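Numbering (numbering that gives the first Met the number 0), first residue to last: 0 to 293. We treat Cβ as the ideally placed atom computed from N, Cα and C, and that holds for glycine. Note that the coordinates shown come from a computational prediction; the quantities given were computed from them, not determined experimentally.
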Amino acid sequence: MSKNILHMLSPLRHMSPFDVNMALDAGYDAVVPYIDVKLEEVMPLVQDAMFSRPPKDAVHTAVFIGGKDAVLALDMLDQVRKTLLKPFEISAFADPAGSFTTAAAMVACVEKLLKEKKGRTLKGTKIVIFGATGPVGYTCGLIGAFEGAEVTVTARKAPDILAKAEEIKKRFDLDVKALDAGSPEKIRAALEGAEVALCCAAAGVQVLSKEDLASNKALLVAADVNAVPPYGVEGLNLHDYGVELSSGALGIGPLAIGDVKYKTESGLFQRMATSDKPLGLDFRDAFALARSFA
Ligand SMILES: NC(=O)c1ccc[n+]([C@@H]2O[C@H](COP(=O)([O-])OP(=O)(O)OC[C@H]3O[C@@H](n4cnc5c(N)ncnc54)[C@H](OP(=O)(O)O)[C@@H]3O)[C@@H](O)[C@H]2O)c1
């Protein structure tokens, strides 16, 4: 039986131990980290991984793309796709800072709660995302827009978040609205009229207070991925799923989302390790799988 080998590329100084552990626990026999990898170095690394094994072992060979930049990870995945040649095609999976699987889990949990408790789908739902310059918030924006939601992405500096919205338009031809949420007043204004609020700001940052939540009577669901106190949504606890907040909106906490995220990332590693054909996995595959766990 050929060994399953995973080459893990990161543009940063470290490969995340989280992803290393996950890959080994999901069934890889060997995982090899490559750090400080530049975009132009992806092609020669993939060629080395691809041409060193006979074609029958190609499906037992894979590349993982980490780092902390969702846009760079998508560019690196494109480079992998451009490099692959039949019959040597190997598999690839991008999940920078766990963001593709975390965002997939977050949106899948929201979708399930909307359906169960409000009889709603994501299509046409007004979603506002806080911390959307980060990879988790950015990817939530992408998934929401792909599902037909009316997405508003926000961050503390207008030029930064405008650039993210333009990138989404250029790469995927999807429209998302960008808003500056750089002060308590601007956060309140961005929240106004939203039906779903996704808090994706950095760990230990409270984004929405009880008063913010109460200011928006249209809010159906508030979800948070920050598991480090203070949490992103005041009054929302780590394991909450569908718990009614003081404003009446339903809350989803970071560890309810984390459970689905964990299963999704592990499941995608397992799928690559056991597939009989080469796979290229990104946030869309993560969302499809997260839906089955939510
Ligand atoms: N539950 C899980 O399974 C799971 C898994 C992975 C990650 N996470 C959590 O998901 C969240 C997002 O992860 P990420 O990697 O995308 O985060 P990140 O890049 O560390 O931060 C996201 C954004 O937060 C904003 N931010 C930073 N400091 C802030 C402050 N003091 N006030 C308001 N906004 C601030 C920044 O945007 P601007 O500076 O542009 O405003 C930043 O781009 C984090 O809390 C992380 O811990 C959870």
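Simplified DSSP state of Phe87, which is helix, strand or coil: coil
Quick check on Ala144: does DSSP put it in helix, strand or coil? helix
Going by beta carbon distance, what residues of the same chain come within less than 6 Å of Val242, once the five residues before and after it are set aside? Gly250
If contact is defined by three or more beta carbon pairs under 8 Å, each pair taking one atom from either stretch, is the stretch 257-266 in contact with the stretch 67-75? no
Could you check if Asn20 is buried or exposed, using at least 16 other CB atoms within 10 Å of its CB as the buried criterion? exposed
Beta-carbon gap between Gly140 and Val150 smaller than 8 Å: yes
Work out the CA separation of Met75 and Pro95 for me, nearest whole Å. 11 Å
The beta strand (DSSP E) with Lys201 in it runs from where to where? Per the sequence presented here, residue 201 reads as Ala, with Lys not at that position. No beta strand (DSSP E) contains Ala201, which DSSP labels as neither H nor E.
May I ask you to list the residues that DSSP assigns as paired with Pro32? Met7
Could you round the C-beta distance between Ile4 and Thr82 to whole angstroms and report it? I think they count as a contact, below 8 Å. The Cβ separation is near 17 Å, so there is no contact.
Whose beta carbon lies closer than 6 Å to any heavy atom of ligand 1, going through the chain in order? Ala96, Gly97, Ser98, Thr101, Gly130, Thr132, Gly133, Pro134, Val135, Gly136, Ala154, Arg155, Lys156, Asp159, Cys199, Ala200, Ala201, Ala202, Val204, Val224, Asn225, Ala226, Pro253, Ile256, Gly257, Lys260
With a threshold of 8 Å, are at least 3 pairs of Cβ atoms found where one atom belongs to the stretch 90-109 and the other to the stretch 273-289? yes
Have a look at the DSSP bridge pairing and note the partners of Leu280. Phe92
Run through the DSSP bridge pairs and tell me what Tyr240 is partnered with. Ile251
Counting only beta-carbon separations shorter than 8 Å, does Arg52 have a partner in chain B? Any reference to chain B falls outside this structure, which holds one protein chain only.
Indicate the three-state DSSP secondary structure (helix, strand or coil) for Thr151 in the structure shown. strand
If you reduce the DSSP assignment to three classes, tell me which class Ala213 lands in. helix
Pop quiz: Glu146 and Lys122 are said to be a contact at Cβ under 8 Å. What is the actual Cβ separation, rounded to whole angstroms? 6 Å
CA nearest to the CA of Pro277, picked from Ser98, Lys55, Asn225, Lys209: Lys55
DSSP three-state label for Thr222, please. Looking at the sequence itself, residue 222 is Ala, so the reference to Thr does not match. Residue state, collapsed to three classes: strand.
Quick check: the stretch 191-209 against the stretch 167-177, are there 3 or more CB pairs under 8 Å? no
In this structure, how does DSSP classify Val62 when only helix, strand and coil are distinguished? strand
Label Gly203 either buried or exposed according to how many other C-beta atoms from any shown protein chain fall within 10 Å of its C-beta, with 16 as the threshold for buried. exposed
Start and end of the beta strand (DSSP E) containing Leu190? Per DSSP, Leu190 belongs to no beta strand (DSSP E); it is in the alpha helix (DSSP H), 183-190.
Quick check on the DSSP output: the beta strand (DSSP E) that includes Val175 runs from which residue to which? Per DSSP, Val175 belongs to no beta strand (DSSP E) and is neither H nor E.
Does the contact criterion of 3 or more C-beta pairs under 8 Å hold for the stretch 107-127 versus the stretch 159-170? no
In three-state DSSP terms, what is Ala293? coil
Just to confirm my understanding: we take Val62, look at its own chain, exclude 5 residues before and 5 after, and list those with CB closer than 7 Å. What are they? His6, Leu8, Val45, Ala48, Val79, Ile89, Ala91
Lys156 vs Gly192 beta-carbon contact at 8 Å: no
Could you pull the start and end residues of the alpha helix (DSSP H) that Val312 belongs to? Outside the modelled stretch of the chain, which goes from 0 to 293, sits residue 312, for which no answer is possible.
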